[in-house]
Amino acid sequence: MKKFYGETFINKTKLKEASIYNPIKLEYYKIESKENTKEAYGIEVVKTEYKQGNILVERKTLDEITSNENVANNILELFKRNEVTPISADEIIEDLFSK
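Residue 174 in my numbering sits at position 16 of the sequence shown, with consecutive numbering throughout.
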(Lines of atoms letter the chains of each structure in order from A and count residues from 1; the text may use other names and numbers.)
(Lines give C-alpha, C1' and ligand atoms only; values in the text may rest on other atoms or scores of the structure.)
Protein backbone atom coordinates (compact mmCIF):
# COMPACT_ATOMS: atom_id res chain seq x y z
CA MET A 1 0.00 0.00 0.00
CA LYS A 2 1.28 3.47 -0.87
CA LYS A 3 0.64 6.34 1.55
CA PHE A 4 1.35 10.01 0.86
CA TYR A 5 3.93 11.37 3.32
CA GLY A 6 4.50 14.95 2.18
CA GLU A 7 5.62 17.34 -0.54
CA THR A 8 7.82 20.34 -1.05
CA PHE A 9 8.90 22.66 -3.84
CA ILE A 10 12.63 22.97 -4.46
CA ASN A 11 13.93 26.27 -3.16
CA LYS A 12 13.94 28.93 -5.92
CA THR A 13 17.45 30.07 -5.00
CA LYS A 14 18.82 26.54 -5.46
CA LEU A 15 17.07 26.27 -8.81
CA LYS A 16 18.41 29.62 -9.97
CA GLU A 17 21.96 28.61 -8.96
CA ALA A 18 21.55 25.52 -11.17
CA SER A 19 20.18 27.66 -14.03
CA ILE A 20 16.73 26.09 -13.71
CA TYR A 21 13.86 28.53 -14.00
CA ASN A 22 10.88 26.16 -13.77
CA PRO A 23 9.17 25.19 -10.53
CA ILE A 24 9.88 21.65 -9.31
CA LYS A 25 7.66 19.81 -6.85
CA LEU A 26 8.82 16.78 -4.90
CA GLU A 27 6.39 14.28 -3.38
CA TYR A 28 7.26 11.52 -0.92
CA TYR A 29 5.34 8.29 -0.30
CA LYS A 30 5.74 5.44 2.17
CA ILE A 31 5.29 1.99 0.62
CA GLU A 32 4.01 -0.67 3.02
CA SER A 33 4.10 -4.36 2.17
CA LYS A 34 3.23 -7.35 4.27
CA GLU A 35 4.07 -10.97 3.60
CA ASN A 36 2.73 -13.41 6.19
CA THR A 37 3.56 -11.59 9.44
CA LYS A 38 6.59 -9.72 8.13
CA GLU A 39 6.13 -6.02 7.35
CA ALA A 40 8.48 -4.03 5.15
CA TYR A 41 8.62 -0.36 4.24
CA GLY A 42 9.89 1.38 1.17
CA ILE A 43 9.88 4.88 -0.26
CA GLU A 44 8.78 6.49 -3.50
CA VAL A 45 10.04 9.90 -4.61
CA VAL A 46 8.20 11.75 -7.39
CA LYS A 47 9.63 14.84 -9.06
CA THR A 48 7.33 17.02 -11.17
CA GLU A 49 8.89 19.80 -13.23
CA TYR A 50 6.58 22.41 -14.68
CA LYS A 51 8.13 23.55 -17.96
CA GLN A 52 6.46 25.89 -20.42
CA GLY A 53 3.53 23.87 -21.72
CA ASN A 54 4.95 20.55 -20.47
CA ILE A 55 4.89 18.66 -17.22
CA LEU A 56 7.80 16.25 -16.76
CA VAL A 57 7.44 13.53 -14.12
CA GLU A 58 10.26 11.36 -12.81
CA ARG A 59 9.88 8.79 -10.05
CA LYS A 60 11.98 6.32 -8.09
CA THR A 61 10.58 3.51 -5.94
CA LEU A 62 12.77 1.83 -3.35
CA ASP A 63 10.97 -1.25 -2.09
CA GLU A 64 11.49 -2.93 1.27
CA ILE A 65 14.36 -0.84 2.60
CA THR A 66 13.50 -1.46 6.26
CA SER A 67 11.21 -3.48 8.50
CA ASN A 68 10.91 -0.60 10.96
CA GLU A 69 8.19 1.97 10.25
CA ASN A 70 9.91 4.63 12.38
CA VAL A 71 13.08 4.28 10.31
CA ALA A 72 11.02 4.70 7.12
CA ASN A 73 9.35 7.82 8.54
CA ASN A 74 12.72 9.27 9.58
CA ILE A 75 14.12 8.71 6.09
CA LEU A 76 11.05 10.30 4.51
CA GLU A 77 11.44 13.35 6.75
CA LEU A 78 15.15 13.56 5.89
CA PHE A 79 14.32 13.33 2.16
CA LYS A 80 11.65 16.02 2.42
CA ARG A 81 13.77 18.40 4.51
CA ASN A 82 16.75 18.06 2.13
CA GLU A 83 14.71 18.09 -1.10
CA VAL A 84 15.97 14.70 -2.27
CA THR A 85 15.16 13.94 -5.90
CA PRO A 86 14.58 10.51 -7.49
CA ILE A 87 18.03 10.48 -9.09
CA SER A 88 19.86 10.70 -5.75
CA ALA A 89 17.52 8.56 -3.62
CA ASP A 90 19.41 5.26 -4.15
CA GLU A 91 22.76 6.75 -3.23
CA ILE A 92 21.43 8.37 -0.07
CA ILE A 93 19.78 5.12 1.07
CA GLU A 94 23.06 3.27 0.47
CA ASP A 95 24.95 5.86 2.51
CA LEU A 96 22.44 5.73 5.36
CA PHE A 97 22.55 1.95 5.65
CA SER A 98 26.32 1.59 5.21
CA LYS A 99 26.98 3.45 8.46
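Glycine included, C-beta positions come from ideal geometry on N, C-alpha and C.
Residue i and residue j closer than 8 Å at C-beta
| i | j | result |
| --- | --- | --- |
| Tyr186 | Tyr163 | yes |
| Glu175 | Ile189 | no |
| Lys183 | Thr219 | no |
| Ile245 | Ile223 | no |
Through-space distance from residue j to residue i, alpha-carbon basis
| i | j | result |
| --- | --- | --- |
| Lys161 | Ala247 | 18 Å |
| Asn212 | Ser177 | 18 Å |
| Asn232 | Ile168 | 20 Å |
| Glu241 | Pro181 | 13 Å |
| Glu216 | Lys238 | 16 Å |
Residue span of the alpha helix (DSSP H) that contains residue i, given as start and end
| i | result |
| --- | --- |
| Thr171 | 170-175 |
| Ile233 | 227-239 |
| Ile124 | No statement about residue 124 is possible, as the shown extent of the chain runs from 159 to 257 and does not include it. |
Cβ-Cβ separation, residue j to residue i (assumed contact under 8 Å), whole Å
| i | j | result |
| --- | --- | --- |
| Tyr199 | Glu227 | 6 Å |
N- and C-terminal bounds of the beta strand (DSSP E) containing residue i
| i | result |
| --- | --- |
| Ile182 | 182-193 |
Cβ neighbour criterion (16 or more within 10 Å) applied to residue i
| i | result |
| --- | --- |
| Phe255 | exposed |
| Leu214 | exposed |
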